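A.B. asks: Numbering (this note's numbering), first residue to last: 246 to 520. Just so you know, even glycine gets a beta-carbon here, dropped at the ideal spot from N, CA and C. Predicted model, so just to flag it, every value in this text is computed and none were measured.
Shown next, in the form of structure tokens:
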């Protein structure tokens, strides 16, 4: 049951990490984080006329309606004079959202590092610490991404709240599928991080369970063996004199100091050895 659970955690953490890496990579490289439309409301028939519509990512802004239709410009050049935007608030939104760009990039780097470390740990499970390190990197990657998402949302909301209200102006915005991919990647990376840390605790507990007790390495003494003072690892301890060596010295001294005893026939010899 324990091995099955460890294998399941290994598989799930790998799948969650791979999916999180894939989704955040797609989100960072695509231009569908935000959709915006601006126009005017026609009072005669209460319809709207779209003057400008765009979708923006972290690196580019593409127009799909209005005078700039079909044009894509890099984010650092979208404030050029020849780019015609309806209101100043749209320019401010496209400018302020750039403050959130570094955090998804840091998150992408962290999740890639975590994914590599996690796979090395799965290939070499005896290195238990790698599961813990990869889990920490997954969690940090998710936190970096969620900070970027919060900054992205707050910068848009601040500009929308400061937008002048007018019955003749039409403005609409919504988040795109790239933003949804980034949010989903946050959940997957946090899940992969939690499972990696839990996998580390299970592997560490299994190592402690099967690790020999320190008493196993104590010397084994026996009165019936010539190797009575030998340790399990003789290179780690100094061998002292065994009790049998001491008893042999005492018996030699007694033989030298006392007259020889009466010799009995071989068949009447009585052994005093405890073995």
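Buried or exposed: which applies to residue 278, given that a residue is buried once 16 or more other Cβ atoms fall within 10 Å of its Cβ?
C.D. replies: As a first step, residue 278 is located in the chain shown; it is residue number 33 there, counting from the start. Label assigned to residue 278: buried.
A.B. asks: Three or more C-beta pairs closer than 8 Å, one from the region 425-435 and one from the region 363-381: is that the case here?
C.D. replies: no
A.B. asks: If you reduce the DSSP assignment to three classes, tell me which class residue 277 lands in.
C.D. replies: For the purposes of this step, residue 277 is taken as the residue at position 32 of the chain shown. Note: residue 277 maps to coil in three-state DSSP.
A.B. asks: Mind checking which residues open and close the beta strand (DSSP E) that includes residue 318?
C.D. replies: If you number the chain shown from 1, residue 318 lands on position 73. Taken as a continuous stretch (DSSP letters only), the beta strand (DSSP E) holding residue 318 covers 317-319.
A.B. asks: Tell me whether residue 404 is buried or exposed, calling it buried when 16 or more other Cβ atoms sit within 10 Å of its Cβ.
C.D. replies: Start at 1 with the first residue of the chain shown, and residue 404 comes out as number 159. Buried, since its Cβ has 16 or more Cβ neighbours within 10 Å.
A.B. asks: To the nearest angstrom, how far is it from the Cα of residue 339 to the Cα of residue 268?
C.D. replies: As a first step, residue 339 must be located in the chain shown, where it is residue number 94. As a first step, residue 268 must be located in the chain shown, where it is residue number 23. About 23 Å.
A.B. asks: For residue 355 and residue 256, what's the separation of their Cα atoms in angstroms?
C.D. replies: The sequence position of residue 355 within the chain shown is 110, counting from 1. The sequence position of residue 256 within the chain shown is 11, counting from 1. Between residue 355 and residue 256, the C-alpha separation is close to 20 Å.
A.B. asks: Are the beta-carbon atoms of residue 386 and residue 425 separated by less than 8 Å?
C.D. replies: On the chain shown, position 141 is the one that residue 386 refers to. On the chain shown, position 180 is the one that residue 425 refers to. It is not a contact, given that the beta carbons lie outside the stated cut-off.
A.B. asks: My assumption, with CB atoms under 8 Å, is that residue 347 sits in contact with residue 427. Please give the rounded CB distance.
C.D. replies: Here residue 347 refers to the residue found at position 102 of the chain shown. Here residue 427 refers to the residue found at position 182 of the chain shown. That pair is no contact at about 14 Å.
A.B. asks: Using only the alpha-carbon positions, how far apart do residue 301 and residue 272 sit?
C.D. replies: Working through the chain shown from its first residue, we reach residue 301 at position 56. Working through the chain shown from its first residue, we reach residue 272 at position 27. Their backbone Cα atoms lie some 12 Å apart in a straight line.
A.B. asks: Under the three-state reduction of DSSP, which class applies to residue 303: helix, strand or coil?
C.D. replies: Taking the chain shown and counting its residues from 1, one reaches residue 303 at position 58. In the structure shown, residue 303 sits in coil (DSSP, three-state: anything other than H, G, I, E or B).
A.B. asks: Cβ atoms of residue 445 and residue 373: under 8 Å apart, would you say?
C.D. replies: As a working mapping, residue 373 is identified with position 128 in the chain shown. As a working mapping, residue 445 is identified with position 200 in the chain shown. Yes, the Cβ-Cβ distance between residue 373 and residue 445 is below 8 Å.
A.B. asks: Skipping 5 residues on each side, what residues in its chain have a beta carbon closer than 8 Å to that of residue 423?
C.D. replies: Along the chain shown, read from residue 1 onward, the residue named residue 423 stands at position 178. Closer than 8 Å at Cβ, skipping near neighbours: 271, 272, 275, 276, 277, 278 and 302.
A.B. asks: To the nearest angstrom, how far is it from the Cα of residue 305 to the Cα of residue 393?
C.D. replies: By 1-based counting over the chain shown, the position of residue 305 is 60. By 1-based counting over the chain shown, the position of residue 393 is 148. Cα-Cα distance, rounded: 17 Å.
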